[in-house]
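Student:
In the working numbering, the protein residues as written are 7 to 193.
#1: Just the C-alpha distance for residue 161 and residue 73, rounded to the nearest angstrom, thanks.
#2: For residue 71, count neighbouring C-beta atoms within 10 Å of its own C-beta (all shown protein chains included) and say buried if the count is 16 or more, exposed if not.
#3: Could you give the first and the last residue of the continuous beta strand (DSSP E) run that contains residue 92?
#4: What residues in its chain sit with their C-beta under 8 angstroms from that of residue 89, if we drop five residues either side in the sequence?
#5: Taking C-alpha atoms, which residue in 132, 176, 171 and 153 lies nearest to residue 159?
#6: Between residue 64 and the rest of its own chain, which residues show a CB-CB distance below 6 angstroms, the 5 nearest in sequence each way excluded?
#7: Could you name each continuous beta strand (DSSP E) segment of 3 residues or more that falls completely within the segment 61-135, going from the start of the chain to the end?
#8: When you compare each of 107, 77 and 39 to residue 60 by their alpha carbons, which one comes out closest?
#9: Counting Cβ pairs closer than 8 angstroms, one from the segment 40-56 and one from the segment 118-134, do we hit at least three?
#10: Quick one: residues in its chain with C-beta nearer than 6 angstroms to the C-beta of residue 263, no 5 flanking neighbours on either side, listed in chain order?
#11: Expressed to the nearest angstrom, what Euclidean distance is found between the alpha-carbon atoms of residue 67 and residue 116?
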């Protein structure tokens with residue numbers, strides 16, 4: 007499978023837990039904040055508590071990390087926000103159970119959780135003679151049907167993905183082809 011591994015053979019890939027948090031408030035005119043409860047204020051406090059969580063660590067996969075990718079809500083600047091939401095993506099170094107427990111404890115009932123998807127961390131097969139790494143991103147390998155032993159190797163860097171400098175140099179592509187050929191021959 008070709009994902010950006012800097013032409014190293016990935017022997018492990020973190021898992022993934024995607025979710026949405028929803029907070030509810032009561033609308034009202036912002037001139038009288040005591041007459042309402044802002045869902046945005048609650049969400050900001052919840053997200054601060056989520057950021058303070060000491061997520062699980064694994065000696066093989068490293069740290070579980072949490073990204074708050076999207077935040078939305080409210081009706082207008084002069085309205086107490088009746089609703090607010092945030093989309094989070096956690097990169098799992100462990101199973102999801104301890105992560106869910108920590109998350110739910112941090113929320114303390116102040117937000118509803120909608121779990122969207124889960125992919126477990128996966129150990130992949132090492133092949134002698136290839137530079138190896140454990141990647142911090144999630145692969146689709148656990149969701150693929152049984153079609154043999156999955157391997158994860160590809161040109162490009164995940165550090166360039168989703169940035170203005172996203173690209174794969176021609177020389178990296180050529181090295182990637184050489185690695186694929188060598189890997190196929192060796193197997």
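By construction, the Cβ of each residue, glycine as well, lies at the ideal position given by its N, Cα and C atoms.
Tutor: By the coordinates alone:
#1: Indexing the chain shown from 1 puts residue 161 at position 155. Indexing the chain shown from 1 puts residue 73 at position 67. Spanning the two alpha carbons is a distance of roughly 25 angstroms.
#2: The residue given as residue 71 occupies position 65 in the chain shown. Per the 10 Å Cβ criterion, exposed.
#3: As a first step, residue 92 must be located in the chain shown, where it is residue number 86. Per DSSP, the continuous beta strand (DSSP E) segment holding residue 92 begins and ends at 89-98.
#4: In the chain shown, counting from the first residue as 1, residue 89 sits at position 83. Shown here for residue 89: same chain residues with a beta carbon closer than 8 angstroms to its own, the five before and five after excluded, namely 28, 29, 30, 31, 45, 79 and 80 in chain order.
#5: Here the question's residue 159 lines up with position 153 in the chain shown. It is 132 whose Cα lies nearest to the Cα of residue 159.
#6: Translated into positions along the chain shown, residue 64 becomes position 58. Excluding positions up to five away in sequence, the list reads 99 and 100.
#7: Qualifying beta strand (DSSP E) stretches, in chain order: 71-79, 89-98 and 118-125.
#8: As a working note, residue 60 is residue 54 in the chain shown. For residue 60, the closest of 107, 77 and 39 by C-alpha to C-alpha distance is 107.
#9: Touching, no, given that fewer than three Cβ pairs across the two stretches are closer than 8 angstroms.
#10: Shown here, the chain extends from 7 to 193; a query on residue 263 therefore has no answer.
#11: Locating residue 67 in the chain shown gives position 61, where the first residue counts as 1. Locating residue 116 in the chain shown gives position 110, where the first residue counts as 1. So the two alpha carbons sit approximately 31 angstroms from each other.
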